[in-house]
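In this note's numbering, the protein residues as written are 1 to 276. Glycine included, every Cβ here is placed at the ideal spot set by N, Cα and C. As structure tokens, the structure follows; a few thoughts come after it.
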């Protein structure tokens, strides 16, 4: 049949990524399949441009909870990008996402190895948020498993880079703030984590729907911080409200819930178990 026009390929890729951001699993599966098929014929299945389509699909899969499918496509995209200098940014993006999956899988050492070069590659563009997300992932990985890739001043660096993008409307910033808050909770800095999460959730409301998994992960993290601060009633209300939305929306299997949900199902300070 006739090859799809490139504008059609780009439109399908964009729809695939947007469906993922909205956590619309049914639409994501349909649009991402179309994007993959059209880009393989429109660009060629062995081209970096097709790698972009695989990467967009992987984002869609990751946002809807399919870690294994996303990991497989990210590796395929990385193979298509190869080592060409023109693809540095693309490889950095993929390595950051593979590190994000490694953190979800409880493999901070793997994340730690992937991220320094990813940060360096992502900094080749002026856009500040993708390297900042990679830095926040490295900060969490280094907090969970210190190692030679961990700069001593990393937390200060992340704070400085966050200040540079303060007030910017970008749905990825909620993710960055949630990762930094997870670090603060591990360090026992409950007040800082609470303030950070409350502010980040308020800022993200214009960007993401109240039913979006990333908003709900942040709200569950806020409930954990609230419980650690000893405000048991508020923590219980926050956790139950967020989890009710997650289960009603069919999002309970979303992988980013796993760690915070497990923490809320164990006794938290004198509050006991917050979420059964």
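Check: Residue 273 in three-state terms, based on DSSP; Outcome: strand
Check: Within 8 Å, strictly: CB atoms of residue 80 and residue 51; Outcome: yes
Check: Cβ neighbours of residue 167 in the same chain (closer than 6 Å, five flanking residues each side left out); Outcome: none
Check: Which residues DSSP lists as bridging residue 267, in chain order; Outcome: 273
Check: Secondary structure, alpha helix (DSSP H): runs of 4+ residues fully inside the stretch 126–201; Outcome: 129–144, 154–164, 172–186
Check: Rounded Cβ spacing between residue 65 and residue 253 (contact assumed at less than 8 Å); Outcome: 5 Å
Check: Spatial distance of residue 201 from residue 215 (CA atoms); Outcome: 6 Å
Check: Sequence-distant residues of its chain with Cβ nearer than 8 Å to residue 69 (five each side left out); Outcome: 58, 61
Check: Selection from 144, 17, 77 that minimises the alpha carbon distance to residue 46; Outcome: 77
Check: 8 Å contact criterion, which residue 222 and residue 197 should meet: CB distance rounded; Outcome: 4 Å
Check: Candidates 160, 40, 129, 260, of which the one nearest residue 170 by Cα; Outcome: 129
Check: Proximity winner among 265, 203, 209, 274, relative to residue 232 (alpha-carbon distances); Outcome: 274
Check: Among 229, 237, 206, nearest to residue 219 - alpha-carbon criterion; Outcome: 237
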